[in-house]
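Enquirer:
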Amino acid sequence: MVLTAALPLALSVWATARAGERVVTDDLGFSVRVRTDIRKVVSLVPTNSEMVCLLDCARLIGGTRYDEFPQELRGRIERKQVEIIGGGFDANLEKIVQLQPDLVLTNGPTQQRFAVPLKNLGFAVISLWPRDMDGLVKDFLLLGELLRQEQKARNFIDDMRQRFHVIANPAKNKPKKRAYLQMWTEPLITVGGVSFTDWLVSAAGGANVFGDLSFDSGQIGLESLIQRNPEVLIFLAEQAPFVKTLSRRPGWSAIRGVREGRFCFIDEPDIRRSIMFIDGLAKLRDCFFPDPATAQSPQSERK
Amino acid sequence: MYRLLPAAVFAVILIGLSIGPVPISFLQLSATDKAILFNLRLPRVLSAFLVGGGLALAGAIFQGLFRNPIADSYLLGVSSGASLGAAAAIVFKIASPLASFAAVSVFAFGGSVAALALVFYFAHRQGGFSVFRLLLSGLGVGLFLSSLVAIFMLMAGEELKALIFFFLGGFSSSSWDTTWVSLGCIPLAGLIACYFAPELNVLLLGEETAQSSGVRTGRIQLIFAILAALLTSISVAVAGLIGFVGLIVPHMIRLIFGADHRTLFPLTFFSGGMFLVLCDAAARTVMAPAELPVGIVTSLVGVPIFLYLIRNETGDLG
C-alpha cells in the first residue's frame, strides 16, 4: 500500500509529459504534470481563487471560506456554484477529493501538508508563492496558459504594468520613507523582509524599517520600533481604536511619525498577494507622498 | 469482556470510517468514494487508533514503571522531547517529514529517550521515585524542552516553520506514509510490553522485593522505558502533542479491571485506540467543514475526568 502511495510522488519528481498533459515547475521547484484541458480547479488560497476567477471563474469549483474577490466569485459562492473546502490551515482533504479537480492551487510551504497527500492520490497540485511583481506576473501567465486564457492574462498584465508605472514612477526618485506596517497591536506584529508586503511598501516609495528581519510576519518590541524611528506608520483599519490611544501610550511619542501624526490606514485586502495589488499600491504611495504634486493616482477601481 | 473487545474495536473503526464531511454510502461505492475511504479515511482512522493505543499504553507503562498514578508521556515531558527531536531534525535539515517520515520519527525517538533519561536522572532516589519529585522533574524537563522547540520555530525560516507544523497537525493530513511507521512499530511495542508485563507486576511491589524474587529490575526498567519512549515518539511524529489519553485511559481500565498489567496493557491499548478514533471523529464533525485539533477534544473530555480523579483520590499523592 505504501508503495502505491509513494509511486506517484516518485514519478512527479521526474515527471515527463504524456499526451494531453504538460509538465510545469511551480514556485517551490516541484515539477508537476498537469492536464492540458483543465476544467475543474480547486484553490486553497483566496488570492489564487481571485486570479483563477479573473481568468475564467466558471472553472473554479472549490475555494476557501475567506474568498471575497472578485465580486463575481462572491456571487458564485452564494449561489453554491463554488464549494467551500475550508480555510488555508484546515482545508478538507475529503471535500477536495470529492470534487475531483484537474488542478489544485496551494500557496507556499504551509500548505505542503495538504499538497503531499493530494499528490500521493494522483492530483496535480501547483504551489503559487510569488514574493514580488515579477513573481506574480510569472504565476498569472502560468495560470493563463494552464486555463488557455493566455491573451486575457497578458491583457491584464499589460494593464497592470501601465498602472504600476503611473503610480510608482512619481515616487521612484524620491528618498524612500522609512515605514512601519503594523499587522497586530498586542503584541506588536509587523512584516519582515521575506514578504510580499515588504516588496509592495518599497514599490510604493517606502522602506520597511523591519525589512532586515527574515520572517514573513513576526513579533517585535516597542524599543526596537523607537530605535528604528519610522517616518510613516501604517495601520490596518481595524486598529483605529488603538491608534487613538497612542498619545497616552508611553514611548510612542519618541517616534518621529507619531510626533508628526503621519498615520495611514489600509485594509487587509489592500496588501494581498494578488495580481490586483495595484489599488493597495496606490494607497500606500499616497501614504508616503500625500502632497498633490505626486498624488495623481488614476481612478482606481476595486474589482 | 475479551470476546466483546474485537466487536467493540470493529464497531468503533466502522464509525470512524463512516463519519466525515463527505457522506459515503458503503453499499454503492463510486471511484471517488473509494479514494476517500481507502486513501484518506482508512489511514486516518488507523493512525488515530494506533496513536491512541500507543499513548494510552505508554501512559500505563509509565504509571507502572514509576509506581505513580499520574504519570504520562505528556506530563513527564517525554512528548516535548519527541517534538524537540523532530524539530531539530527539520531545522538542521537532517530529515524532512515530506521526504522521509520514518527518519523524522527516529529523531523524535532520540528526543524522547533523552527527555526520559533526564527525568530519570532528576527524579530517581534510592528505592524509587517520589510522586512530587517525578512530576516536578517531568514538568521542568517538559517546559524546558518545549521552550527549545519554540526557539527552533523562531529560528526557522518560513519553509521550515511549515514543516514543523506538518507534524503538529493532528490527523487531518494523515496518509499511508505516516500510518505505515505506526503500523509497524506500535503493535510490536505493545506485544513486547505484554510479554514483560508479569515482571512489571513484581516491580510494583518495590525494587528491593522485585530484586529478591529474581527480577532484574534495571533491565526491566530499561526495556519499559524504551518501549514507552518509542510509543510516545511515534505518536508525536504522527499527530503532535496530544495530552491526557495516556492518563485517563489506563486509569479507567485500572478502576474497572484492576491493576494487573497482563490485562491492563492490552485493554488499555484497545480502549485508548477506540477513544482517540471517537475523539477524532468528533473533531472533524462538530464544527464541519472546519476541524478542531484533536488535542482540544481529548483535553475537553480528559481534563474533567482527570480533575474528578484527583478530587476522589483517597490515597496520599505526596
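So the sequence lines, in the order shown, correspond to chains A and B. Residue 1 is where the first sequence starts when you use the working numbering, and the numbers rise one by one after that. Residue 1001 is where the second sequence starts when you use the working numbering, and the numbers rise one by one after that. Glycine included, each C-beta is placed from N, C-alpha and C at the ideal position.
Ends of the beta strand (DSSP E) at residue 1275 of chain B?
Expert: From DSSP, residue 1275 of chain B is part of no beta strand (DSSP E) but of the alpha helix (DSSP H) over 1261-1285.
Enquirer: Please name the residue or residues paired with residue 43 of chain A in a DSSP beta bridge.
Expert: Answer is A:105.
Enquirer: Give me the subset of the region 1002-1036 of chain B whose CB atoms are less than 7 angstroms from a CB atom of chain A, sorted by chain position.
Expert: Listed by position along the chain: 1020, 1021, 1022, 1032, 1035, 1036.
Enquirer: On the criterion of 16 or more Cβ atoms from any shown chain inside 10 Å, does residue 36 of chain A qualify as buried, or is it exposed?
Expert: It counts as exposed.
Enquirer: In this structure, does DSSP put residue 272 of chain A in helix, strand or coil?
Expert: Correct three-state label for residue 272 of chain A: coil.
Enquirer: Let me see if you follow: with CB-CB separation under 8 angstroms, is residue 1241 of chain B close to chain A or not?
Expert: No - not a single Cβ of chain A is within 8 angstroms of the one on residue 1241 of chain B.
Enquirer: Under DSSP, the beta strand (DSSP E) around residue 25 of chain A begins and ends at which residues?
Expert: Start and end: 21-25.
Enquirer: From residue 69 of chain A to residue 1144 of chain B, what does the alpha carbon distance come to, in whole angstroms?
Expert: Residue 69 of chain A and residue 1144 of chain B: Cα-Cα distance of roughly 45 angstroms.
Enquirer: Given that residue 1291 of chain B touches chain D, what residues does it touch there, using C-beta distances under 8 angstroms?
Expert: Although the question refers to chain D, the structure presented lacks it and instead comprises the protein chains A and B.
Enquirer: Beta-carbon separation of residue 271 of chain A and residue 51 of chain A under 8 angstroms?
Expert: Against a cut-off of 8 angstroms, the Cβ pair of residue 51 of chain A and residue 271 of chain A comes out as no contact.
Enquirer: Helix or strand or just coil, what does DSSP make of residue 1075 of chain B?
Expert: Of the three classes helix, strand and coil, the one that applies to residue 1075 of chain B here is coil, per DSSP.
Enquirer: Please report the straight-line C-alpha distance between residue 1132 of chain B and residue 201 of chain A, rounded to a whole angstrom.
Expert: Computed Cα separation, rounded: 55 angstroms.
Enquirer: Hey, is residue 1068 of chain B's beta-carbon within less than 8 angstroms of any beta-carbon in chain A?
Expert: It does not: the Cβ of residue 1068 of chain B has no partner Cβ on chain A nearer than 8 angstroms.
Enquirer: Measuring only the C-alpha atoms, how far is residue 27 of chain A from residue 108 of chain A?
Expert: Approximately 8 angstroms between the Cα atoms of the pair.
Enquirer: Identify each residue in the region 97-113 of chain A for which the Cβ-Cβ distance to at least one residue of chain B is less than 7 angstroms, and report them in chain order.
Expert: Within the region 97-113 of chain A, the qualifying residues are 97, 98, 100, 108, 109, 110, 112, 113.
Enquirer: Output, in chain order, the set of chain B residues within a Cβ distance shorter than 7 angstroms of residue 48 of chain A.
Expert: Correct list: empty, because the minimum Cβ distance to chain B is about 17 angstroms.
Enquirer: Measure the alpha-carbon distance for residue 966 of chain B versus residue 1026 of chain B and round it to whole angstroms.
Expert: Coverage of chain B is limited to positions 1001 through 1318, which leaves residue 966 of chain B absent and any answer about it impossible.
Enquirer: State the CB to CB distance for the pair residue 1269 of chain B and residue 1245 of chain B, rounded to an integer number of angstroms; the pair is presumed to be in contact (CB under 8 angstroms).
Expert: At roughly 11 angstroms, the Cβ-Cβ gap does not stay under 8 angstroms, so residue 1269 of chain B and residue 1245 of chain B are not in contact.
Enquirer: Does the separation of the CB atoms of residue 239 of chain A and residue 162 of chain A fall below 8 angstroms?
Expert: No, these two residues do not count as a Cβ contact at 8 angstroms.
Enquirer: If we count the other Cβ atoms within 10 Å of its Cβ and call it buried at 16 or more, is residue 1286 of chain B buried or exposed?
Expert: So residue 1286 of chain B counts as exposed.
Enquirer: Identify every run of the alpha helix (DSSP H) within the region 187-272 of chain A, keeping only runs that are complete inside it and at least 4 residues long; order them along the chain.
Expert: Segments of the alpha helix (DSSP H) lying fully in the region 187-272 of chain A: 196-203, 222-228, 240-244, 256-259.
Enquirer: I believe residue 1115 of chain B touches residue 1170 of chain B by the beta-carbon criterion, under 8 angstroms. Please report the beta-carbon distance rounded to the nearest angstrom.
Expert: Actually they do not touch by this definition, with Cβ atoms about 22 angstroms apart.
Enquirer: Can you look up residue 1050 of chain B in the DSSP assignment and give me helix, strand or coil?
Expert: Reduced to three states, the DSSP call for residue 1050 of chain B is helix.
Enquirer: Starting from residue 127 of chain A, follow the beta strand (DSSP E) in both directions and report where the run begins and ends.
Expert: That run of the beta strand (DSSP E) goes 125-127.
Enquirer: For the beta strand (DSSP E) that contains residue 179 of chain A, what are its first and last residues?
Expert: 177-184 is the extent of the beta strand (DSSP E) around residue 179 of chain A.
Enquirer: Could you confirm whether any beta carbon from chain A is found closer than 8 angstroms to the beta carbon of residue 1040 of chain B?
Expert: At least one chain A Cβ lies under 8 angstroms of residue 1040 of chain B.
Enquirer: For the structure I just gave you, are there three or more beta carbon pairs, one from the region 59-77 of chain A and one from the region 159-178 of chain A, closer than 8 angstroms?
Expert: With a cut-off of 8 angstroms, the region 159-178 of chain A and the region 59-77 of chain A do not count as touching, because too few Cβ pairs lie within range.
Enquirer: Is the CB of residue 246 of chain A under 8 angstroms away from at least one CB in chain B?
Expert: Answer no: the Cβ-Cβ gap between residue 246 of chain A and chain B never drops below 8 angstroms.
Enquirer: Spell out a yes or no on whether the region 1227-1242 of chain B and the region 1049-1069 of chain B are touching, meaning 3 or more CB-CB pairs, one atom from each, closer than 8 angstroms.
Expert: Output reads yes: the region 1049-1069 of chain B touches the region 1227-1242 of chain B.
Enquirer: So is residue 1172 of chain B in contact with chain A if we call contact Cβ pairs under 8 angstroms?
Expert: Taking Cβ atoms only, chain A reaches closer than 8 angstroms to residue 1172 of chain B, which makes this a yes.
Enquirer: In chain A, what lies closer than 8 angstroms to residue 1175 of chain B by C-beta?
Expert: Going along chain A in sequence order, the residues near residue 1175 of chain B (Cβ under 8 angstroms) are 5, 116, 117, 120.
Enquirer: Report the partner residues of residue 305 of chain A according to the DSSP bridge assignment.
Expert: Since the first and last residues shown for chain A are 1 and 303, residue 305 of chain A lies out of range.
Enquirer: At least one CB of chain B closer than 8 angstroms to the CB of residue 95 of chain A: is that the case?
Expert: For residue 95 of chain A, the answer is yes, since a Cβ of chain B falls inside 8 angstroms of its Cβ.
Enquirer: Helix, strand or coil for residue 1137 of chain B? Go by DSSP, reduced to three states.
Expert: Of the three classes helix, strand and coil, the one that applies to residue 1137 of chain B here is helix, per DSSP.
Enquirer: Whether or not the region 214-225 of chain A and the region 275-292 of chain A are in contact is what I'm after, with contact meaning three or more pairs of Cβ atoms, one per stretch, closer than 8 angstroms; do they touch?
Expert: Counting Cβ pairs under 8 angstroms, fewer than three are found: no touch.
Enquirer: Name the DSSP bridge partner or partners of residue 31 of chain A?
Expert: According to DSSP, residue 31 of chain A bridges with A:25.
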